[in-house]
Amino acid sequence: MHEFRVQVGPAAFRIGSAWKRPLDQLAELYRDYPVPEVPDYSVRLKAVSFWRRFIRPSVAINGDYMLPDAAPLPLVQGLLAAEMAMNLQMALGWRRHLLLHASAVEKNGRAVIMTGASGSGKSTLAAMLGCRGWRLMGDEFVLLDPVTGELAPFPRLISLKNEAIGAMQAMALDGRFGPLMTGTPKGNIRHLVPARDAIRSMAEPAQPALLLFPSFGFEPAVREISLSEVFMRLTQASTNYVALGERGFTTLTRFIKTVPARAIDYRDGQEAEALVDRLWSELA
Amino acid sequence: MKRDAMLLVDALRDPSGITELDADGWTALLAMARAEQLLGTVARRLSGLSVPGAVANILGEARINAEYQRRSALWEADCARRALAGYPGKVVLMKGTAYAAAGLKASEGRHIGDLDIMVARDDLPQVEAALLAAGWEWVKSDPYDDAYYRDHMHELPPLIHKERDRMIDVHHTILPLTARPKPDAVAMLEDAVALENGLYVLSPRDMVIHSAAHLFADGELDGGLRNLWDIHCLLAEFGDESFWQMLKSRAEHHQLWPAVYRAGRLAHRLYGTEIAKDWQRRNRWDNWYAKRLTARDDWGRGTRKFIRLIFYIRSHWLRMPPLMLARHLWVKWRKPV
Numbered sequence: 008m009h010e011f012r013v014q015v016g017p018a019a020f021r022i023g024s025a026w027k028r029p030l031d032q033l034a035e036l037y038r039d040y041p042v043p044e045v046p047d048y049s050v051r052l053k054a055v056s057f058w059r060r061f062i063r064p065s066v067a068i069n070g071d072y073m074l075p076d077a078a079p080l081p082l083v084q085g086l087l088a089a090e091m092a093m094n095l096q097m098a099l100g101w102r103r104h105l106l107l108h109a110s111a112v113e114k115n116g117r118a119v120i121m122t123g124a125s126g127s128g129k130s131t132l133a134a135m136l137g138c139r140g141w142r143l144m145g146d147e148f149v150l151l152d153p154v155t156g157e158l159a160p161f162p163r164l165i166s167l168k169n170e171a172i173g174a175m176q177a178m179a180l181d182g183r184f185g186p187l188m189t190g191t192p193k194g195n196i197r198h199l200v201p202a203r204d205a206i207r208s209m210a211e212p213a214q215p216a217l218l219l220f221p222s223f224g225f226e227p228a229v230r231e232i233s234l235s236e237v238f239m240r241l242t243q244a245s246t247n248y249v250a251l252g253e254r255g256f257t258t259l260t261r262f263i264k265t266v267p268a269r270a271i272d273y274r275d276g277q278e279a280e281a282l283v284d285r286l287w288s289e290l291a
Numbered sequence: 118m119k120r121d122a123m124l125l126v127d128a129l130r131d132p133s134g135i136t137e138l139d140a141d142g143w144t145a146l147l148a149m150a151r152a153e154q155l156l157g158t159v160a161r162r163l164s165g166l167s168v169p170g171a172v173a174n175i176l177g178e179a180r181i182n183a184e185y186q187r188r189s190a191l192w193e194a195d196c197a198r199r200a201l202a203g204y205p206g207k208v209v210l211m212k213g214t215a216y217a218a219a220g221l222k223a224s225e226g227r228h229i230g231d232l233d234i235m236v237a238r239d240d241l242p243q244v245e246a247a248l249l250a251a252g253w254e255w256v257k258s259d260p261y262d263d264a265y266y267r268d269h270m271h272e273l274p275p276l277i278h279k280e281r282d283r284m285i286d287v288h289h290t291i292l293p294l295t296a297r298p299k300p301d302a303v304a305m306l307e308d309a310v311a312l313e314n315g316l317y318v319l320s321p322r323d324m325v326i327h328s329a330a331h332l333f334a335d336g337e338l339d340g341g342l343r344n345l346w347d348i349h350c351l352l353a354e355f356g357d358e359s360f361w362q363m364l365k366s367r368a369e370h371h372q373l374w375p376a377v378y379r380a381g382r383l384a385h386r387l388y389g390t391e392i393a394k395d396w397q398r399r400n401r402w403d404n405w406y407a408k409r410l411t412a413r414d415d416w417g418r419g420t421r422k423f424i425r426l427i428f429y430i431r432s433h434w435l436r437m438p439p440l441m442l443a444r445h446l447w448v449k450w451r452k453p454v
């Protein structure tokens, strides 16, 4: 079995694979990241059966934490399988922070957190802002420290989907993109390596300063949201709120009481950036 | 470096030995412990010892997780208690939840999954109806599986709670009805010990016997190291001089002495459990059990495929007579997945 290790923020992964190619792709994309000695989680890409290692090779995702009904992926999407497996370990296993399904960017030690359903554009927005003067802290998971209330960065590869791929190709540097994978369960996917400063400062936390609930595809607008709604939405956005028990509750309630929250609607990146900048200067 | 899960066994048996581990040794130990669902137990055993920073983080996380499992298991037990408040018979907690509710050492750091309870067989319809009324529902709707459970198993088909998404297994005895040993479930219920909240746990002897039966008279020894660790903890907590003779005669009454004897020998051999002097005999088959129990590599993957297969076949052999086994496999094979 081939092996690759990578440290992303506070989490360390070991990835084993029956094939070398997905690991070569990971090594290329994660070339600037540290290599850990003792991984937090192990994941394995294995053939669904002996023959499927060679003929129409098909990747089954395996690891410390698994979903019983995870569908296998074709080998050309092996990189995606590895990324999904690493996300799964975080979603099911991580207990050191309150984990929110959200993206975040930072400026001067203070962070904007963006959360919402899949398709709200939170990931693309973070990727875009990460190219325009903000430091990307994460495009998928936001980690809230139960003791300090700070945000720990988790700058994994940015997973761009469908239209976002073209938009970011116009903005980010060449040589920082992974292979284009077409026809995945989520459409077309292409990974983007976060900017160098995001990787270099992946151990530096930030103070949460603004919480946004973006919605893509509507006339630009800003709405206030009640504390109780913010609370309910964030319990749903968290994968480990219940598991953390009282610590989860105190961490989350402190967060929503101290961080102003707004819902924003937008139709394109420019509108979104203008709204974020405006709210940042007004509220944060 | 040790190539199998003796690495994990040794860490549990004598935690001070971990000072010899390098980064690869730790990686292998943690992967094996996760695969055997013993990471929380390892974290408890190693607490207070000096370990590398990355390892300390992982063990700290395992402690948080074990606390969560304990909390939710006890909550789930209480939900069942309230659902069955109108049932006059004894509701006996089993396995992990029982150890936690009774405050036993076996529950420290232990992974706890489904809720297991035991009630009198004649009362099953009443208990079933009460649980269904309180929001549990059937997991399987397949008529063959359902009939199989009801006719031949020691428990109802699994129920899952529709809001909390947690499973409950309702037992009426401790082995499938088709297995050769016929434990005396009535006596088990009679001797069950009351907890403060009105629920019950098995008596110490029956608790050990159930754990041993689960490990050695049923199933294919999957997750066996955790099960054997339970037995180690139970014997360490209960095993005074008078206990051994009582345990033996009770096990004979339940027709489970071979399983209990084997459990004692293997716990002694792997975890260094103190057992009665005259139990400390060599048995040539124990080597194979030890090999099966420790069949893991440094990624936590199962190894020794052939030994695993033998134990898999054995598990079915123990569970049902040959003709019935043939029929069962035939039905299972014909059914589309």
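Taken in sequence, the protein lines are chains Z and R. For what it's worth, my numbering labels the leading residue of the first sequence as 8, then goes sequentially. For what it's worth, my numbering labels the leading residue of the second sequence as 118, then goes sequentially. Heads up, the beta-carbon is just placed ideally off N, CA and C, and yes, glycines get one too. Note that this is a predicted model, so its numbers are computed, not measured.
Query	Result
Where the beta strand (DSSP E) through Gln14 of chain Z begins and ends	9-15
Identified DSSP bridge partners for Gln372 of chain R	According to DSSP, which records beta bridges pairwise, Gln372 of chain R is partnered with nothing at all.
Buried or exposed (CB count within 10 angstroms, at least 16 for buried), Asn344 of chain R	buried
Test: Thr214 of chain R CB closer than 8 Å to a CB of chain Z	no
Top-ranked residue by Cα proximity to Met235 of chain R, from R:Asp131, R:Lys449, R:Ala140, R:Thr290	R:Thr290
Simplified DSSP state of Met121 of chain Z, which is helix, strand or coil	strand
DSSP-derived helix/strand/coil call for Trp101 of chain Z	coil
7 Å Cβ cut-off: residues of chain B touching Arg51 of chain Z	Absent from the structure: chain B. Protein chains present are Z and R.
Interface positions of the segment 141-170 of chain Z facing chain R (Cβ-Cβ less than 8 Å), listed along the chain	none
Rounded straight-line distance, which links the Cα of Pro153 of chain Z to that of His104 of chain Z	6 Å
Contained beta strand (DSSP E) runs [length at least 3] in the segment 244-278 of chain Z, N- to C-terminal order	268-273
Pairwise C-alpha distance: Ser189 of chain R and Met284 of chain R	12 Å
Where the alpha helix (DSSP H) containing Gly170 of chain R begins and where it ends	170-200
Near-chain Z residues of the segment 139-169 of chain R (beta-carbon distance less than 7 Å), N- to C-terminal order	Ala140, Trp143, Thr144, Ala148, Arg151, Pro169
Cβ of Glu178 of chain R within 8 Å of any chain Z Cβ	yes
CB contact below 8 Å: Ile181 of chain R versus chain Z	yes
Interface flag, Ala172 of chain R vs chain Z, CB-CB below 8 Å	Position check: residue 172 of chain R holds Val in this sequence, whereas Ala was assumed. Answer yes: the Cβ-Cβ gap between Val172 of chain R and chain Z drops below 8 Å somewhere.
8 Å Cβ shell around Leu82 of chain Z - same chain, five flanking residues per side excluded	Trp26, Arg28, Pro29, Pro64, Ser65, Val66
Interface positions of the segment 16-37 of chain Z facing chain R (Cβ-Cβ less than 9 Å), listed along the chain	Pro17, Ala19, Arg21, Gly23
Range covered by the alpha helix (DSSP H) that runs through Asn404 of chain R	403-410
Sequence-distant residues of the same chain with beta carbon closer than 8 Å to Thr420 of chain R, five excluded per side	Asp121, Ala412, Arg413, Asp414
The segment 380-398 of chain R / the segment 279-290 of chain Z touching (three or more Cβ pairs under 8 Å)	no
Three-way DSSP call (helix, strand, coil) for Ser56 of chain Z in this model	coil
Any chain R beta carbon closer than 8 Å to Asp181 of chain Z	no
Per-residue DSSP class, three states only, for Ser366 of chain R	helix
Cβ-based burial, Pro274 of chain R [other Cβ within 10 Å; buried from 16]	buried
Neighbour list for Ala175 of chain R in chain Z, Cβ cutoff strictly below 7 Å	In the sequence under discussion, the amino acid at residue 175 of chain R is Ile, which differs from the Ala named in the question. Near Ile175 of chain R (Cβ distances below 7 Å), the residues of chain Z are Asp47.
Arg21 of chain Z versus Thr144 of chain R: straight-line alpha-carbon distance, rounded	9 Å
Test item: CB-CB of Val15 of chain Z and Tyr48 of chain Z under 8 Å	no
Contacts that Pro41 of chain Z makes with chain R (C-beta to C-beta distance below 7 Å)	Near Pro41 of chain Z there are no residues of chain R at all, since even the closest Cβ is about 12 Å away, more than 7 Å.
Whole-angstrom distance between Lys212 of chain R and Trp255 of chain R, CA atom to CA atom	22 Å
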